[in-house]
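Enquirer: Residue numbers (the UniProt record's numbering), protein chains in the order written: chain A, 1 to 113; chain B, 1 to 221.
Just so you know, even glycine gets a beta-carbon here, dropped at the ideal spot from N, CA and C.
This is the structure I have questions about; it appears just below.
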């Protein structure tokens, strides 16, 4: 993956507008985070959910936020740092300084494995 | 001497710190060891700096690491069971139990090794351990293999008492460290400290690596 360039990613995101998509959305503080009693371990995960969005915007000066206006709602994510266009799929993720993934947003026309 | 050992864990690298030494000792004695790994650790967080993986390529990276780890230990019967990381506790428990029962029926192990359910920290560890315990509980008492379980919560000794079995694995430490190193995506930060000698041989982590402790699961009738 490479660091997000906001204009490039905005252009790629717009190519997915108004299409039937599969998405992967994930956040995690790590399965072992609860060992540290002061920290609440949180995470959420959807793989191959299906959606269509009518508008999309990537915002911020890094790490970035991305918001998808759905036909009947919204989806957004924040903390994104890197992206990769991978065989027609858009992978976006937020990594900390040591390369640990904390959030991922991925769009594809076909289901993820 | 054991006739057949069956190790069942949910993630590649779960064997590395707690049982790789004992697995190596068995293999060196000529005891067949099967390692059944339920998932490929697909949800691992460490993508490296610089990146060596994405969420989508990580499963292949970790599959390779798992095979390398087995090669390091000399394990030639690796079963990758095809479950998905972080989902075991949400599966129908019967699916897990029947998967493990089939392995036990096929291999007829004299010893099975897994996590101690309830003391696993990670939900997959607990779900895996609980299903292995249930699979063995369903056997007639006289047919049950010995079950070594690994509790990993910090309070394990205060709740469960001292381990029933403690193995010094200093004699196979090189192999154990190679096994840990094979899981590079999970261990590279720690391995760097092993390699540059900054870990004192008497440090806590080295003491921890040199000793493997197990609690024999009590099947109360």
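(1) Quick one: is residue 159 of chain B buried, meaning 16 or more other Cβ sit within 10 Å of its Cβ, or exposed?
(2) Residues in the same chain with beta-carbon distance under 7 Å from residue 73 of chain B, minus the five sequence neighbours each way, listed in chain order, please.
(3) Please state whether DSSP places residue 49 of chain B in a helix, a strand or coil.
(4) Please list the terminal residues of the continuous beta strand (DSSP E) segment that includes residue 156 of chain B.
(5) Starting from the C-beta of residue 10 of chain A, find all residues in its chain whose C-beta is less than 6 Å away, skip the five residues before and the five after it, and write them out in chain order.
(6) For residue 98 of chain A, would you say it is in contact with chain B, using Cβ-to-Cβ distances shorter than 8 Å as the test?
(7) Among B:59, B:2, B:1, B:78, which has the Cα closest to the Cα of residue 15 of chain B?
(8) Just to confirm, are residue 211 of chain B and residue 46 of chain B a CB contact at a threshold of 8 Å?
(9) Can you find the residues in the same chain that come closer than 6 Å, C-beta to C-beta, to residue 148 of chain B, ignoring five residues on each side of it along the sequence?
(10) Looking at the structure shown, is residue 28 of chain A part of a helix, part of a strand, or coil, going by DSSP?
(11) Buried or exposed for residue 219 of chain B, please, with buried defined as at least 16 other CB atoms from any protein chain shown within 10 angstroms of its CB.
(12) Beta-carbon of residue 90 of chain A versus every beta-carbon of chain B: anything under 8 Å?
(13) Based on the DSSP output, what are the partners of residue 77 of chain B in its beta bridges?
(14) Just to confirm, are residue 5 of chain B and residue 109 of chain B a CB contact at a threshold of 8 Å?
(15) Does the beta carbon of residue 30 of chain A come closer than 8 Å to any beta carbon on chain B?
(16) Within 8 Å (strictly less), CB to CB, does residue 23 of chain A reach chain B?
(17) Any beta carbon from chain B within less than 8 Å of residue 101 of chain A's own beta carbon?
(18) The region 146-160 of chain B: which residues have C-beta closer than 9 Å to a C-beta of chain A, in chain order?
(19) Which same chain residues end up closer than 7 Å to residue 65 of chain B when comparing Cβ atoms and leaving out the 5 residues on each side of it in sequence?
(20) Got a sec? Which residues, its chain only, sit under 6 Å from residue 127 of chain B by beta carbon, not counting five neighbours each side?
(21) Could you name the residues of the region 48-78 of chain B whose beta carbon sits closer than 7 Å to any beta carbon of chain A, in the order they occur along the chain?
(22) Do residue 209 of chain B and residue 17 of chain B have their beta-carbon atoms positioned less than 8 Å apart in this structure?
(23) Mind listing the chain B neighbours of residue 112 of chain A? Cutoff is C-beta to C-beta under 8 Å, in chain order.
(24) Where in the region 128-185 of chain B do unbroken runs of the beta strand (DSSP E), each at least 3 residues long, occur, reported from the N-terminal end onward?
(25) With a threshold of 6 Å on Cβ separation, who are the neighbours of residue 142 of chain B within its own chain once the five nearest residues in sequence on each side are excluded?
(26) May I ask you to report which of helix, strand or coil DSSP gives residue 44 of chain A?
(27) Can you give me the start and stop residues for the alpha helix (DSSP H) that residue 101 of chain B sits inside?
(28) Where does residue 12 of chain B fall in DSSP's three states?
(29) May I ask which residues mark the beginning and end of the beta strand (DSSP E) holding residue 84 of chain A?
(30) Out of A:111, A:60, A:14, A:3, state which residue places its alpha-carbon closest to the alpha-carbon of residue 53 of chain A.
(31) In chain B, which residues lie with their C-beta within 8 Å of the C-beta of residue 75 of chain A?
Expert: If we stick to the structure as given:
(1) exposed
(2) 20, 23, 24, 27, 175, 179
(3) DSSP places residue 49 of chain B outside both helix and strand once states are collapsed to three, so it counts as coil.
(4) No beta strand (DSSP E) contains residue 156 of chain B, which is instead part of the alpha helix (DSSP H) from 156-160.
(5) 58
(6) yes
(7) The option with the nearest alpha carbon to residue 15 of chain B is B:78.
(8) It is not a contact, given that the beta carbons lie outside the stated cut-off.
(9) The answer, listed in chain order, is 113, 214.
(10) It is a strand residue.
(11) exposed
(12) Residue 90 of chain A does not count as touching chain B.
(13) B:34
(14) Going by C-beta atoms, residue 5 of chain B is nearer than 8 Å to residue 109 of chain B.
(15) yes
(16) no
(17) yes
(18) 153, 154
(19) 12, 182, 183, 184, 185
(20) 88, 89
(21) 48, 49, 51, 54, 55, 56
(22) yes
(23) Those are 56, listed as they occur along chain B.
(24) List check, beta strand (DSSP E) in window: 146-150, 165-168.
(25) none
(26) strand
(27) 93-107
(28) coil
(29) 82-86
(30) A:14
(31) Going along chain B, no residue has its Cβ under 8 Å from residue 75 of chain A, so there is no contact; the nearest lies around 17 Å.
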